[in-house]
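Undergrad: My questions will all concern the structure given below.
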Amino acid sequence: MLTRGYSGSRGSLDGWSTDNRLRADFNTGDLAHTLILGAEYHRFRNDLWTGAGGAAPLNPFTGYTAQTGHTVTYSDDNHRRYYQTGLYLQDEMVWNRWHVDVSARYDRIVSQQVSDTFGTSNRRSDDHISGRASLLYALDNGLSPYLSYSQAITPAMLPGADGKPLKPTTAEQVEAGLKFQPPGSRDLYSIAIYDLTQKDVATRDPNIATATYIPAGKVHSQGVELEAHHQITPQLSTIASYTWNRLRFQDTRDGTDNNTPQLTPDQMASFWARYQFPAGISVGAGVRYIGKQWADDANTARLPSVTLMDAMMRADLGVWSPTLKGAYVQVNANNIGDREYISGCYGTGNCYWGAERSVMATVGYDF
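This note's numbering applies: residue 5 is where the sequence shown begins, and numbers increase by one.
Right, here's the structure in full:
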């Protein structure tokens, strides 16, 4: 007999954001400055119904079941809101071949969870100050070694088991790398090594069928990124990238220290080629590789790697008619081989298929 269950959701979301800045360029002696003062605001609204239930066991050989339909055992009509206001100041400085960037930022985040089903309303607000600094030295031969340090905060629009919004996730990252742009070319090659620590990371609770999350402590990530942009001819260009990533839980509450978080592939790679025809038509094709990933935070089952192929075609209408300058039509095809694969899991009993082959047409206008 097969044990059966049901979980589902239905919702809507909308967002609105603005980012405005003032810029000043000036010199202090031999030091050139680009000073930026900015303010941004984000509003996000999400109305979501979630439910779960059960059904009678099913005999897979005869199709017999003791009852039809299903029984909803849990239901929640939830309204989520978050508002983020940010103020930042940045100074980009250049002296001879030295490039120095420093910035500071203040964020105020307000999150709210309202449940019509349970008649509850929970609200939290967080204030956060973060900074960023980077140093780069540009050599004559096109090589540019650099070092950077950055802090960040990410709102958590996720409910805990008590219905209250979780704390935002904060992060610190140190990165060192080398960029190379051959003189007189549009090519760009880079390698980066990074060390990233995220605090108050939220992860889905595998013991609850509906979308409930729990704090997972820290996630420590170390990795290497390689990227190459190559202009082979004026018409043909390619982009290739590779990422190796090692993630581990730290200071967890559920005993998963040193485990790898679910939905985090150990390796990713991609290659994309694009060709521009004279008549305003461009075509592209590429391949994506997604490495192995764990199905659960306990690391009891692992999902296999998968390779997918994509393609696109774009027509810039302004080439055909000056009155249509800026307008374009684009067609994207993803997973053109219609590969069947498991995209991810929230625990070993809650997995979902990856997106099947899809074709999407877009009409747009570039200002």
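For glycine and all other residues, C-beta sits at the position ideal for the given N, C-alpha and C.
1. Could you tell me whether the Cβ atoms of aspartate 261 and glutamine 254 are closer together than 8 Å?
2. Buried or exposed for alanine 28, going by 16 or more other Cβ atoms inside 10 Å?
3. Three or more beta-carbon pairs under 8 Å between the segment 164 to 177 and the segment 200 to 207, yes or no?
4. To which residues of the same chain is tyrosine 279 closer than 6 Å at the C-beta, ignoring the five residues directly before and after it?
5. If you compare alpha carbons, which of Gly221, Gly90 and Gly188 is closest to alanine 108?
6. Could you pull the start and end residues of the beta strand (DSSP E) that lysine 296 belongs to?
7. Rounded to whole angstroms, how far is the Cβ of leucine 312 from the Cβ of cysteine 349, which I believe are closer than 8 Å?
8. Who are the Cβ neighbours of glutamine 226 in its own chain at under 6 Å, not counting the five residues just before and after it?
9. Opposite glutamate 96 in the DSSP bridges: which residues?
10. Measure the C-alpha to C-alpha separation of arginine 190 and phenylalanine 371 and round it to an integer number of angstroms.
11. Please state whether DSSP places threonine 352 in a helix, a strand or coil.
12. Among Ile157, Arg252, Asn100 and His132, whose alpha-carbon lies nearest the alpha-carbon of aspartate 144?
13. For chain B, is any of its Cβ atoms less than 8 Å away from the one on phenylalanine 122?
14. If we count Cβ pairs, one from each stretch, closer than 8 Å, do we get three or more for the segment 291 to 299 versus the segment 325 to 333?
15. Give the DSSP-derived three-state secondary structure of leucine 267 in the structure shown.
TA: Let me lay it out:
1. yes
2. exposed
3. yes
4. Gln239, Leu240 and Val287
5. Gly90
6. Neither: lysine 296 is in no beta strand (DSSP E) and is coded neither H nor E.
7. Their Cβ separation, rounded to whole angstroms, is 18 Å, which puts leucine 312 and cysteine 349 out of contact at 8 Å.
8. Asp199 and Arg250
9. Thr38 and Asp105
10. 24 Å
11. coil
12. Asn100
13. In the displayed structure, chain B is absent; only one protein chain is listed.
14. no
15. coil
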